[in-house]
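Q: My questions all concern the structure below.
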Amino acid sequence: MLEKPSKKVAGLEFDWNTAEGLFSFEGEDAVLFWITSAMKEFFDAIEEVSGEEAARVVLETTGFRQGLVVGKYFTDMNVSAAEASKLITSTYAAAGWGLAEIHYLKEEEATLEVHLKNSWEYKINVAQNKEQGGNFLPAHYAGIFTGLFGRNVWYEVLHYQIEGFEESVIRYFPSSENVEKNIHQLARTNEEKQIQQLERLVQEQTGELNALVKELSSPIIPVLEGIVVIPLLGAYDEERTEELLHKTLENLPAYKAKYVVLDLTGLNDNFTVHAASLIEKLGGAASLIGTDTILVGISPKVGMTINSTDIDLSKFNCFQTLQHGIHFALAQKGKSIV
């Protein structure tokens, strides 16, 4: 058995050096036996690790940059784009890449079409049960002709063989589109997805927090028979005001409350005209269902704010502390704490 056999196929030189474990194609080191099943596992692994969308960008980028190497190879041989297009068919067919034919080549305009039939990528896509063809080879030929034309060339797939056509047809043309832009676009897309995921998480957490705040803020506390206390806490906007009014009118009858004690202690730093209006509305609403309102915890600062408004709270009994307010309510019922 020969240790260094050589073979010419379609004018191309193939050489083996079995003693050294080497194989060369046209004098360049090469590798054989990337059979379809092995390549399928390779492609599947890329998609499994990086996801299908990222895998397409990875394969497109790899195909394009390998094409640049081939384009440089032809350029270093002082081969024109027209001559290279003739060599590509025999070269790639001999290497098992399928039948690649170049049509409508216009060097001045840097345009052409590549027709691919029975390529290894098509066979892998069939084995993967894909409905759309891959983009390694379309990008690969974009890389080749980018090198040959000396200007950036990009592609548009008119149709894939896997879609039921006799061959894949890819159109090439000058463009600012390139693999770097697609890599950056993928990164931005992934960032946007992460941002959207974080926004959804924030919305969910905010919703839960708002529900908790509604549950805990301004609770209605029954302290004695017929007497409930509502501590007003924090700042009240329109939404919180409506929530509290609804909650109060809904729950006071259930407690058979004769007196509702509004504790303003928690409003010292947040007492505004809006808060004063809330108290007036609460008291007015409570009176409609037969409940009297008592105000407690009025600090000098709160008192000054009330006096500076046009809102009249003088119709309510006011006391400095919660204890005084509860004692007053009991006294009105003829009771006292002993």
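Going by the UniProt record's numbering, the sequence shown opens with residue 1, and the numbers climb by one from there. Glycine included, every Cβ here is placed at the ideal spot set by N, Cα and C. All of these numbers come straight from a predicted model, not from anything done at the bench.
Starting from the Cα of Leu61, find the closest Cα among Ser175, Lys181 and Ser314 and give me that residue.
A: Looking up residue 61 in the sequence shown gives position 61. Looking at the sequence provided, one finds Thr at residue 61 rather than Leu. Answer by Cα proximity: Lys181.
Q: Less than 8 Å between C-beta atoms, sequence neighbours within five positions excluded: which residues of the same chain meet that for Phe328?
A: Translated into the one-based positions of the sequence shown, residue 328 becomes position 328. Cβ neighbours of Phe328 beyond the five flanking positions: Ile294, Asn317 and Phe319.
Q: For Glu52 and Gln196, what's the separation of their Cα atoms in angstroms?
A: On the sequence shown, position 52 is the one that residue 52 refers to. On the sequence shown, position 196 is the one that residue 196 refers to. Looking at the two C-alpha atoms, the distance is approximately 20 Å.
Q: Output the boundary residues of the beta strand (DSSP E) element that contains Arg65.
A: Working through the sequence shown from its first residue, we reach residue 65 at position 65. From DSSP, Arg65 is part of no beta strand (DSSP E) but of the alpha helix (DSSP H) over Glu52 to Asp76.
Q: If you measure between the beta carbons of Phe64 and Ala110, is that distance less than 7 Å?
A: By 1-based counting over the sequence shown, the position of residue 64 is 64. By 1-based counting over the sequence shown, the position of residue 110 is 110. No, Cβ-Cβ distance for Phe64 and Ala110 is not below 7 Å.
Q: Identify whether Tyr255 lies in helix, strand or coil by the three-state DSSP scheme.
A: On the sequence shown, position 255 is the one that residue 255 refers to. Note: Tyr255 maps to helix in three-state DSSP.
Q: Does the Cβ of Glu21 have 16 or more other Cβ atoms within 10 Å, making it buried, or fewer, making it exposed?
A: Indexing the sequence shown from 1 puts residue 21 at position 21. Here residue 21 is Gly; the residue named in the question, Glu, does not match the sequence. It counts as exposed.
Q: How big is the Cα-Cα spacing for Ile311 and Ala276?
A: By one-based count along the sequence shown, residue 311 stands at place 311. By one-based count along the sequence shown, residue 276 stands at place 276. Cα to Cα, the separation comes out at about 7 Å.
Q: Residues bridged to Lys315 by DSSP?
A: The residue you call residue 315 lines up with position 315 of the sequence shown. Answer by DSSP bridge pairing: none, since Lys315 is not bridged.
Q: Taking Cβ positions, are residue 353 and Val153 nearer each other than 7 Å?
A: Outside the displayed range of the chain (1 to 338) lies residue 353, so it cannot be described from this structure.
Q: Who are the near neighbours of Val105 in its chain, counting only those whose CB is closer than 7 Å to its CB and skipping five residues on each side?
A: Numbered from its first residue, the sequence shown carries residue 105 at position 105. According to the sequence provided, residue 105 is Leu. The question's Val does not apply to it. If we look at Leu105 and ignore the five residues flanking it on each side, its Cβ neighbours are Ala81, Ala82, Ser85 and Leu112.
Q: Please report the distance separating the alpha-carbon of residue 341 from that of Arg240.
A: Given a span of 1 to 338 for the chain in the structure shown, any question on residue 341 remains unanswerable.
Q: According to DSSP, Glu204 sits in a beta bridge with which residue or residues?
A: As a working note, residue 204 is residue 204 in the sequence shown. According to DSSP, Glu204 bridges with nothing at all.
Q: Pull up the distance between the alpha-carbon of Gly325 and that of Asp292, whole angstroms please.
A: Within the sequence shown, residue 325 is the residue found at index 325, counting from 1. Within the sequence shown, residue 292 is the residue found at index 292, counting from 1. So the two alpha carbons sit approximately 12 Å from each other.
Q: Spatial neighbours of Thr265 within its chain, please: CB distance less than 6 Å, with the 5 preceding and 5 following residues excluded, ordered by chain position.
A: As a working mapping, residue 265 is identified with position 265 in the sequence shown. So the list reads Gly297, once near-sequence residues are dropped.
Q: Please work out which residues of its chain come closer than 6 Å, Cβ to Cβ, to Glu280, disregarding the five sequence neighbours upstream and downstream, and give them in chain order.
A: As a position in the sequence shown, residue 280 is number 280, starting the count at 1. Answer for Glu280: Ile311, listed in chain order.
Q: DSSP state of Ser308, grouped into three classes?
A: Locating residue 308 in the sequence shown gives position 308, where the first residue counts as 1. Coil.
Q: Roughly how many angstroms lie between the CA atoms of Pro300 and Ser308, to the nearest whole one?
A: Position 300 of the sequence shown, counting from 1, holds the residue named residue 300. Position 308 of the sequence shown, counting from 1, holds the residue named residue 308. The alpha-carbon atoms of Pro300 and Ser308 are separated by roughly 12 Å.
Q: Residues in the same chain with beta-carbon distance under 7 Å from Gly226, minus the five sequence neighbours each way, listed in chain order, please.
A: Sequence index remark: in the sequence shown, residue 226 carries index 226 (1-based). The residues are Lys256, Ala257, Lys258, Tyr259 and Lys333.
Q: Can you pull the DSSP bridge partners for Trp16?
A: Residue 16 sits at position 16 when you count from the first residue of the sequence shown. Paired residues: Phe23.
Q: Measuring alpha carbon to alpha carbon, tell me which residue in Gly164, Ile221 and Ala93 is nearest Gln132.
A: What you label residue 132 is simply residue 132 of the sequence shown in a count that begins at 1. Taking only the C-alpha atoms, the option nearest Gln132 is Gly164.
Q: Could you pull out every residue in the same chain whose Cβ sits closer than 7 Å to the Cβ of Ile88, ignoring the five residues on either side in sequence?
A: Counting from one through the sequence shown, the residue named residue 88 turns up at place 88. The answer, listed in chain order, is Ala100 and Ile102.
Q: Is Trp154 helix, strand or coil when you go by DSSP?
A: Within the sequence shown, the letter at position 154 stands for residue 154. Note: Trp154 maps to strand in three-state DSSP.
Q: In whole angstroms, what separates the C-alpha of Asp269 from that of Glu177?
A: To locate residue 269, count along the sequence shown from 1; it is residue 269. To locate residue 177, count along the sequence shown from 1; it is residue 177. Taking the straight line joining both Cα atoms gives about 59 Å.
Q: If you drop the 5 nearest sequence neighbours on each side, which residues of the same chain put their C-beta closer than 7 Å to that of Pro5?
A: For the purposes of this step, residue 5 is taken as the residue at position 5 of the sequence shown. Taken in chain order, the residues that qualify are Trp16.
Q: Going by C-alpha to C-alpha distance, which of Tyr73, Thr36 and Val57 sits closest to Asn118?
A: Here residue 118 corresponds to residue number 118 of the sequence shown, with the count starting at 1. Nearest C-alpha to Asn118: Thr36.
Q: In this structure, how does DSSP classify residue 372 when only helix, strand and coil are distinguished?
A: Shown here, the chain extends from 1 to 338; a query on residue 372 therefore has no answer.
Q: Going by DSSP, what residue range makes up the alpha helix (DSSP H) through Leu112?
A: If you number the sequence shown from 1, residue 112 lands on position 112. Where Leu112 is concerned, there is no enclosing alpha helix (DSSP H), although the beta strand (DSSP E) it sits in stretches over Thr111 to Lys117.
Q: Please state if the CB of Ile162 and the CB of Asn135 are separated by a distance shorter than 7 Å.
A: The count along the sequence shown starts at 1 and reaches residue 135 at position 135. The count along the sequence shown starts at 1 and reaches residue 162 at position 162. No, these two residues do not count as a Cβ contact at 7 Å.
Q: Restricting to Cα atoms, I'd like to know which of Gly290, Val302 and Thr248 is closest to His274.
A: Counting from one through the sequence shown, the residue named residue 274 turns up at place 274. Ranking the options by Cα distance to His274, first place goes to Val302.
Q: For Leu282, which of Ala93, Leu245, Glu108 and His115 has the nearest alpha-carbon?
A: Walking along the sequence shown from the start, residue 282 turns up at place 282. Closest option to Leu282, Cα to Cα, is Leu245.
Q: In whole angstroms, what separates the C-alpha of His159 from that of Ala38?
A: Sequence index remark: in the sequence shown, residue 159 carries index 159 (1-based). Sequence index remark: in the sequence shown, residue 38 carries index 38 (1-based). For His159 and Ala38, the distance between alpha carbons rounds to 26 Å.
Q: According to the neighbour-count rule (16 or more other Cβ atoms, all chains shown, within 10 Å of its Cβ), is Pro138 buried or exposed?
A: Here residue 138 refers to the residue found at position 138 of the sequence shown. Buried, since its Cβ has 16 or more Cβ neighbours within 10 Å.
Q: Tell me the rounded alpha-carbon separation between Thr248 and Ala286.
A: Along the sequence shown, one-based indexing puts residue 248 at 248. Along the sequence shown, one-based indexing puts residue 286 at 286. Computed Cα separation, rounded: 8 Å.
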